[in-house]
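Here's the structure we're looking at; comments come further down.
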Amino acid sequence: MSAADSSPTIGSKAVRAVITARPSRGWQIAFGAVTVVVGLLMLFWPGATLLAVAVLLGLQLIVAGVIRIVTAFSLDTDGGGGRVLFVLLGLLLIVVGILCLRSPFHTTAILVLLFGVSWIVSGVIEMFHGFVGGGGWAIVSGVVSVLAGIVVLVYPVPSVVAMIWLFGIALVVIGVMAIVSAVFSGSRGAAPTRGSRAAGPATP
1 MSAADSSPTI
11 GSKAVRAVIT
21 ARPSRGWQIA
31 FGAVTVVVGL
41 LMLFWPGATL
51 LAVAVLLGLQ
61 LIVAGVIRIV
71 TAFSLDTDGG
81 GGRVLFVLLG
91 LLLIVVGILC
101 LRSPFHTTAI
111 LVLLFGVSWI
121 VSGVIEMFHG
131 FVGGGGWAIV
141 SGVVSVLAGI
151 VVLVYPVPSV
161 VAMIWLFGIA
171 LVVIGVMAIV
181 SAVFSGSRGA
191 APTRGSRAAG
201 PATP
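Okay, so the sequence shown: first residue is 1 according to full-length UniProt numbering, each after it adds one.
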């Protein structure tokens, strides 16, 4: 058999191996432990979580601004309008990113307000969709979204803390489930091995 004939078989075996591959118990337990630790940190220090989100957002905006400026000088165009727009957008992103790093708590407050406004706008659109033929569930969903947005705007700090708590609890549950799954899958895989060793001498 030639190398060309055997290559599809080798490729199919490689694809099958990738599809059926599973993370080892050690990696799965490590992932679960890290997830639990992150969830507990969010539960015990919600203020630090907000600060971290604001700092990461500021860094992301600065990097995005630098990329826009580099893109402006690498554009293959004869007109200078596109370059100017990319440079201005990049500078704006960098300035906003620096402001986020200088006042992370103000950034968090703005993000909360935008989050509440987006919920209200989304709820109004959903209600309108329900009235024009979307059905009663669309109207109920829109009303809930509007009410949730109003709650976020009226009580921004408790709303953010509640969301962080829910996210932290979810991370803790996911991490514990990953650890338990890894431990039990390992014990199930070890049982047939002991049985096969015990049954070995009995075979003729």
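Cβ atoms here follow ideal geometry from the backbone N, Cα and C, with glycine treated the same way. All of these numbers come straight from a predicted model, not from anything done at the bench.
The alpha helix (DSSP H) with residue i in it runs from where to where?
{"i": "tryptophan 119", "result": "104–129"}
{"i": "proline 27", "result": "Looking at the sequence itself, residue 27 is tryptophan, so the reference to proline does not match. Looking at the DSSP string, the run of the alpha helix (DSSP H) that includes tryptophan 27 is 25–44."}
{"i": "glycine 142", "result": "136–154"}
What is the rounded straight-line gap between the Cα of residue i and the Cα of residue j?
{"i": "tryptophan 45", "j": "proline 156", "result": "17 Å"}
{"i": "serine 103", "j": "valine 146", "result": "29 Å"}
{"i": "isoleucine 29", "j": "valine 172", "result": "13 Å"}
{"i": "phenylalanine 184", "j": "valine 36", "result": "18 Å"}
{"i": "valine 160", "j": "glycine 142", "result": "21 Å"}
{"i": "valine 140", "j": "phenylalanine 131", "result": "11 Å"}
{"i": "threonine 108", "j": "valine 96", "result": "13 Å"}
{"i": "threonine 71", "j": "valine 63", "result": "12 Å"}
{"i": "methionine 127", "j": "glycine 135", "result": "9 Å"}
{"i": "isoleucine 98", "j": "alanine 182", "result": "43 Å"}
{"i": "arginine 194", "j": "valine 34", "result": "For arginine 194, the predicted structure reports a pLDDT of 49, less than 50, and the residue's modelled location is therefore unreliable. The matter cannot be settled from this model."}
{"i": "valine 55", "j": "arginine 25", "result": "34 Å"}
By Cβ distance, which residues of its chain are closer than 6 Å to residue i, with the 5 residues on each side in sequence left out?
{"i": "glycine 90", "result": "Gly65, Arg68 and Ile69"}
{"i": "leucine 101", "result": "Gly58"}
{"i": "residue 225", "result": "Only positions 1 to 204 of the chain appear in the structure, and residue 225 is not among them; the question remains open."}
{"i": "glycine 32", "result": "Gly175, Ala178 and Ile179"}
If you drop the 5 nearest sequence neighbours on each side, which residues of the same chain put their C-beta closer than 7 Å to that of residue i?
{"i": "histidine 129", "result": "Ala138"}
So the candidates are the options; which of them puts its Cα closest to the Cα of residue i?
{"i": "leucine 61", "options": "Leu93, Val84 and Val37", "result": "Leu93"}
{"i": "phenylalanine 167", "options": "Thr49, Val87 and Val180", "result": "Thr49"}
{"i": "alanine 162", "options": "Val112, Ala182 and Ser122", "result": "Val112"}
{"i": "valine 53", "options": "Leu88, Phe86, Ile110 and Arg83", "result": "Ile110"}
{"i": "residue 211", "options": "His106, Val144 and Phe105", "result": "Given a span of 1 to 204 for the chain in the structure shown, any question on residue 211 remains unanswerable."}
Below 8 Å CB to CB, which residues in the same chain sit around residue i once its five sequence neighbours on both sides are set aside?
{"i": "alanine 170", "result": "Gly39"}
{"i": "tryptophan 165", "result": "Met42, Leu43 and Pro46"}
Is residue i buried or exposed, if buried means 16 or more other CB atoms sit within 10 Å of its CB?
{"i": "isoleucine 125", "result": "exposed"}
{"i": "residue 205", "result": "Outside the displayed range of the chain (1 to 204) lies residue 205, so it cannot be described from this structure."}
{"i": "tryptophan 27", "result": "exposed"}
{"i": "proline 86", "result": "Going by the sequence as given, residue 86 is phenylalanine instead of proline. Its Cβ being crowded by 16 or more others within 10 Å, phenylalanine 86 is buried."}
{"i": "tryptophan 119", "result": "buried"}
Is residue i close to chain B, meaning its C-beta is less than 8 Å from at least one C-beta of that chain?
{"i": "leucine 50", "result": "No chain B appears in this structure, which consists of one protein chain only."}
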